[in-house]
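Q:
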Amino acid sequence: MNHFATPSFWEAYAKLPSSIRAKADKCFAKLRSDPFHPSLHFKQVGRYWSARVDLSYRAVAVRDHDDVIWFWIGTHSEYDHLLK
């Protein structure tokens, strides 16, 4: 599985608190080595794929064959709104 991030992902990432960016970095390192590790909660949600950064933050992607394209990262409440 190949992981890519869009400019919109990096814009949202840059706005996160530094502690959350550090957690996101660890999560993405784990995604590359073991995408289905239980702590990531990497799963399909409708047409999107979601991964847990921590209890309050999620990242969202679309999948194209073996490519996972991350386009958003933010709070769980924003995530709920995004998926509606």
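In full-length UniProt numbering, the protein residues as written are 1 to 84.
For every residue, glycine included, the Cβ atom is placed at its ideal position computed from N, Cα and C.
Quantities reported herein were computed from a predicted structural model and do not represent experimental measurements.
#1: Helix or strand or just coil, what does DSSP make of K26?
#2: Mapping DSSP to helix, strand and coil, what is D66?
#3: Can you tell me where the alpha helix (DSSP H) with F9 in it begins and where it stops?
#4: Between F4 and I73, which are expected to be in contact by the criterion C-beta below 8 angstroms, what is the C-beta distance as a whole number of angstroms?
#5: Work out the CA separation of R58 and T75 for me, nearest whole Å.
#6: Checking 8 angstroms against the spacing of the C-beta atoms, do F71 and F28 come in under that value?
A: In short, the structure shows the following:
#1: Residue state, collapsed to three classes: helix.
#2: coil
#3: 7-14
#4: About 14 angstroms; that fails the 8 angstroms criterion.
#5: Taken atom to atom, the span from the alpha-carbon of T75 to that of R58 is near 6 angstroms.
#6: no
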